[in-house]
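Undergrad: Sharing a structure with you now.
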Ligand SMILES: [Zn+2]
């Protein structure tokens with residue numbers, strides 16, 4: 116009996132992963148697809164508190180990742196993208212009430228040019244007393260369609276303004292729309308950000324690469340319990356590398372632990388299908404016609420997820 120309990124505990128710790136969540140707007144009904152209402156936000160915060168989840172700063176997670184420490188399963192990191200005004204006017208008070216740290220990823224141009232819906236630098240500095248401030252590009256463009264040179268120009272411009280207004284260099288970067296490919300990743304990586312965050316479904320473990328941390332979007336009244344069950348699946352994606360020119364995906368090649376024999380595959384536009392994995396290798400030659408500009412290819416084994424985003428240029 117004791118042995119069984121020990122085994123159960125061991126398998127639990129082996130799958131220990133933190134969850135990174137990303138919010139956009141708060142209590143702003145005009146934009147339902149990116150909004151989290153205040154009653155829902157409070158429900159989620161209460162859920163973390165009542166169920167022994169620990170909301171930690173991205174800095175704390177980063178320190179543990181750097182040291183390759185085991186990431187506690189109950190860690191939650193909260194991110195806010197775009198620096199909408201509704202975070203300052205509606206959301207921030209609840210973060211303060213629960214004493215939950217956050218990382219705010221700033222869309223620089225919107226603040227520099229005082230777009231009505233966005234926070235001012237003064238408000239961002241005020242928010243920085245309660246959380247970390249990081250970068251979310253200058254012009255918030257679809258970067259996969261941009262040249263490396265244009266991406267670097269956008270980032271340099273963002274850094275100049277950030278430093279001027281905050282007095283330090285941002286350490287963390289989140290891609291606009293969570294969209295990237297190898298060349299976007301390379302261009303952003305060249306700036307030496309300590310962490311780069313995407314918006315692929317998944318969790319974060321000690322094996323997560325620092326330049327590609329998965330974040331789960333929380334908008335509307337989502338089932339938080341289901342999202343918290345998601346684990347990290349350690350995998351290497353060889354194919355697809357990018358969006359196929361003929362919009363037909365006919366090669367998928369992923370390697371993972373040989374202990375994984377069966378999993379499920381999802382390609383945007385279709386449903387989940389069972390796939391067979393041999394010696395940790397999954398190779399598919401089936402053709403998936405792609406209908407959307409943005410396709411997610413996701414593999415899950417139990418609750419463990421790994422995914423790839425491919426975007427039409
Ligand atoms: Zn954004």
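In the working numbering, the protein residues as written are 116 to 428. Even for Gly, the Cβ is constructed at its ideal location relative to N, Cα and C. In this text the structure is predicted, and so the values were computed from the model without any measurement.
What three-state label does DSSP hand residue 225 in the structure shown?
TA: Residue 225 falls in the helix class under three-state DSSP.
Undergrad: Quick check on DSSP: helix, strand or coil for residue 430?
TA: Because the chain is modelled from 116 through 428, residue 430 falls outside the range shown and cannot be assessed.
Undergrad: I need the DSSP call for residue 249, collapsed to helix, strand or coil.
TA: Residue 249: strand per DSSP, three-state reduction.
Undergrad: Less than 7 angstroms separating the Cβ of residue 257 from some heavy atom of ligand 1?
TA: For ligand 1, not one heavy atom lies less than 7 angstroms from the Cβ of residue 257.
Undergrad: Contact criterion: CB-CB distance below 8 angstroms. Does residue 268 meet it with respect to chain C?
TA: The question asks about chain C, but that chain is absent: this structure has only one protein chain.
Undergrad: Cβ of residue 330 within 8 angstroms of Cβ of residue 418?
TA: The answer is no: Cβ separation not under 8 angstroms.
Undergrad: Closer than 7 angstroms: is that where the CB of residue 197 sits relative to any heavy atom of ligand 1?
TA: True, at least one ligand heavy atom lies under 7 angstroms from that Cβ.
Undergrad: Count Cβ pairs between the region 357–366 and the region 157–172 that sit closer than 8 angstroms; are there 3 or more?
TA: In short, these stretches do not touch, since the Cβ pair count stays below three.
Undergrad: Can residue 132 and residue 273 be called in contact, C-beta distance under 8 angstroms?
TA: No, the pair does not count as a contact, with Cβ atoms beyond the cut-off.
Undergrad: Kindly indicate which residue of 214, 428, 240 and 148 has the alpha-carbon position closest to the one of residue 296.
TA: Ranking the options by Cα distance to residue 296, first place goes to 428.
Undergrad: Starting from the Cα of residue 306, find the closest Cα among 138, 341, 157 and 252 and give me that residue.
TA: Nearest of 138, 341, 157 and 252 to residue 306, Cα basis: 252.
Undergrad: Say yes only if the C-beta of residue 154 is nearer than 7 angstroms to one or more non-hydrogen atoms of ligand 1, and no if none qualify.
TA: Answer for residue 154: no, Cβ out of range of ligand 1.
Undergrad: Does residue 154 pass the burial test, meaning 16 or more other C-beta atoms within 10 Å, or should it be called exposed?
TA: By the neighbour-count rule (16 or more Cβ atoms within 10 Å), residue 154 is not buried but exposed.
Undergrad: Between which residues of its own chain and residue 320 is the CB-CB distance below 6 angstroms, once the five residues before and five after are set aside?
TA: So the list reads 132, 186 and 347, once near-sequence residues are dropped.
Undergrad: Rounded to a whole number of angstroms, what is the C-alpha to C-alpha distance between residue 405 and residue 365?
TA: Each residue's alpha carbon lies about 10 angstroms from the other.
Undergrad: Rounded to the nearest angstrom, what separates residue 395 and residue 375 at their Cα positions?
TA: Spanning the two alpha carbons is a distance of roughly 6 angstroms.
Undergrad: Going by DSSP, what residue range makes up the beta strand (DSSP E) through residue 155?
TA: Where residue 155 is concerned, there is no enclosing beta strand (DSSP E), although the alpha helix (DSSP H) it sits in stretches over 153–165.
Undergrad: For a test of the three-state rule: what should DSSP assign to residue 239, helix, strand or coil?
TA: Residue 239 falls in the helix class under three-state DSSP.
Undergrad: Which full runs of the beta strand (DSSP E) of 3+ residues lie inside the region 293–317, going along the chain?
TA: Within the region 293–317, the complete beta strand (DSSP E) runs of at least 3 residues are 310–312.
Undergrad: On a Cα-Cα basis, can you pick out the residue from 203, 270 and 422 that is closest to residue 353?
TA: The candidate whose alpha carbon is nearest that of residue 353 is 422.
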